[in-house]
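*Asks:*
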Amino acid sequence: MDLVNDTVCDESVYGPKRSELYIVVTITIIYVVIFITGTIGNVTTCIVIYRNKSLHTATNYYLFSLAVSDLVLLVSGLPQEIYLIWNRYPYVFGSTFCFLRGLLAETSGNATVLTITGFTVERYLAICHPFLSHTMSKLSRAVKFILFIWMVAISFAIPQAIPLKVTGRCPLCLPTEPVMNHSFEISTFVFFVTPMTLITVLYIMIGSTLRTSNLMKTRSANYRAHSKSSKKVVKMLVLEWRLVFLMCIPRVSSGGEEGWVKYPFR
1 MDLVNDTVCD ESVYGPKRSE LYIVVTITII YVVIFITGTI GNVTTCIVIY RNKSLHTATN
61 YYLFSLAVSD LVLLVSGLPQ EIYLIWNRYP YVFGSTFCFL RGLLAETSGN ATVLTITGFT
121 VERYLAICHP FLSHTMSKLS RAVKFILFIW MVAISFAIPQ AIPLKVTGRC PLCLPTEPVM
181 NHSFEISTFV FFVTPMTLIT VLYIMIGSTL RTSNLMKTRS ANYRAHSKSS KKVVKMLVLE
241 WRLVFLMCIP RVSSGGEEGW VKYPFR
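Going by full-length UniProt numbering, the first residue of the sequence shown is number 1, and it counts up by one from there.
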């Protein structure tokens, strides 16, 4: 069987099965470190928030959702990525895993973007419209909204993942015909253009409100400490959004399914 695959998967057609050894080893070490630290960090975040009732706030629920999203991406993606770094082809995981990996990766990315957007809206209401935020600030509402985020994320991920199949004489995980026309363009608009625009506008308004506010002088020490903690969370999410933005640029510029064809091992 290996002899047949070696014959069909000709390196003169598909290129080398892996890069130079020092590159492969370096990337593998980086991926392993990311996998271990990311898994431990996100699992710890989920456990701490789950076990401490004092942390059951809308803000921390969004952080919990982000941690779950990161875990899904780490567990479903990185182990396979490490294998493919060493052996790019033939694809040995089968069509089912090819589909599931694409589905989970798309779902995780969509959920991350929508969760950050939802958190930004919450922060905007809390800072710019505190009275409205107080009347709307129910944990049940935050939980329902997060569940809605994941349902939307999965719904938009399915059309992107269904075309992924193991095809060709040399088995590769590649997209076939799209399920719906312009699915990539629609997904890009919903999960990139619209959220990025909304988040940018809201953070500008939040920054403007904080700069012009005169309440800072009369705040108590406890409130200042709480505000400082909230600002750290906001800064962390702004940083994560920037990372999401940078990660989305190559995929957007590659053209959806065409990008999968150009980079079938990513």
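In this text, a Cβ means the ideal position worked out from N, Cα and C, and glycines have one as well.
Can you tell me where the alpha helix (DSSP H) with residue 159 in it begins and where it stops?
*Replies:* 139–161
*Asks:* Using 8 Å as the threshold, is the stretch 32–52 in touch with the stretch 118–133, meaning 3 or more CB pairs across them?
*Replies:* no
*Asks:* Would residue 16 be called buried (16 or more neighbouring beta carbons within 10 Å of its own) or exposed?
*Replies:* With fewer than 16 other Cβ atoms within 10 Å, it is exposed.
*Asks:* Which partner residues of residue 164 appear in the DSSP bridge assignment?
*Replies:* 175
*Asks:* Give me the Cβ distance between residue 106 and residue 58, rounded to the nearest whole Å; I'm assuming they're in contact under 8 Å.
*Replies:* Not really, about 26 Å apart at Cβ, beyond 8 Å.
*Asks:* Under 8 Å: do the stretch 70–89 and the stretch 150–166 share three or more Cβ pairs, one atom per stretch?
*Replies:* No contact exists between the stretch 70–89 and the stretch 150–166.
*Asks:* Below 8 Å on the Cβ atoms is my contact criterion, and I expect residue 120 with residue 61 to pass it. Report the Cβ-Cβ distance as a whole number of Å.
*Replies:* Contact doesn't hold; Cβ gap of about 14 Å is too wide.
*Asks:* How about the stretch 80–93 and the stretch 27–38: do they share at least three Cβ pairs that are nearer than 8 Å?
*Replies:* yes
*Asks:* At which residue ranges does the stretch 59–89 contain complete beta strand (DSSP E) runs of 3 or more residues, listed in the order of the chain?
*Replies:* none
*Asks:* Throw me the rounded Cβ distance for the residue 163 and residue 175 pair, which I believe falls under 8 Å.
*Replies:* 4 Å
*Asks:* Residues in its own chain within less than 7 Å of residue 326 by CB, not counting five upstream and five downstream?
*Replies:* Only positions 1 to 266 of the chain appear in this structure, which leaves residue 326 out of reach.
*Asks:* Taking only the alpha-carbon atoms, compute the straight-line gap between residue 77 and residue 185 and give it to the nearest angstrom.
*Replies:* 23 Å
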